[in-house]
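Scroll down for the structure; my scribbles are underneath it.
Residue numbers (our numbering): 6 to 238.
In structure tokens, the structure reads:
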């Protein structure tokens, strides 16, 4: 039982996620998100106003962007524990988590390129800005593949529910998280209103639901690991 390693990965992921969020929201100032309707000159001003601070924020996002992979390893280990036979749902969750990690570090790369040379043609800065945001908001095929395995395993019968990290309510919650994540693709179709990339459905609702989901999931895993360790003593 590698309970200490699992807990360590979860806590390390929380620290990295905090660095990521601080770089994004505080240093880069991208919360709330800029409107998709900004023209090239307006976008350029986002990157020139506090250019060094902005780039430090990008650096923090790049340092912290691996948090999802740490969490995915632990989640997959717990899923595999609950599965019978070949742990296909754990494998799917880990594969989606590894791929989804790229969607956390690629957007700051694009924003960093936009901030690195602000003397270039503003149209190119606008292009990198939009590429970063569309990559950040709209790839909706990956994260549901992390949540669906948790939903399936959570709703499956278990030999010992007391030692499982995935109660039935987490299974339902995971499917709900999947549905809200799918709204992100609307950010590619609308530039204004609640379906734009800075709107309720592509940005705020998925962020709120994901935040509540991952917080609950980490709590459940830490509690389950403690019980699993106690059962081995």
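Virtual Cβ for every residue (Gly too), placed ideally from N, Cα, C.
Note that this is a predicted model, so its numbers are computed, not measured.
In the DSSP annotation of this structure, the continuous segment of the alpha helix (DSSP H) that includes residue 178 starts and ends at 173-186. When the five nearest sequence neighbours on each side are left out, the beta carbons in the same chain lying within less than 6 Å of the beta carbon of residue 223 are those of 15, in order along the chain. Distances from the alpha-carbon of residue 93 to those of 115, 158, 69 put 158 closest.
Here DSSP, grouped into helix, strand and coil, assigns residue 89 to coil. A contact between stretches requires three or more CB pairs, one per stretch, nearer than 8 Å, and the segment 7-21 fails this requirement with the segment 176-188.
Take the alpha-carbon of residue 206 and the one of residue 194: they are about 12 Å apart. Ranked by Cα distance from residue 216, the first of 169, 75, 186, 120 is 186. Measuring C-alpha to C-alpha distances from residue 121 to each of 53, 30, 220, 236 identifies 53 as the nearest. Between residue 70 and residue 110, the CB-CB gap stays under 8 Å. In this structure residue 219 is buried. Its beta-carbon is surrounded by 16 or more other beta-carbon atoms within 10 angstroms.
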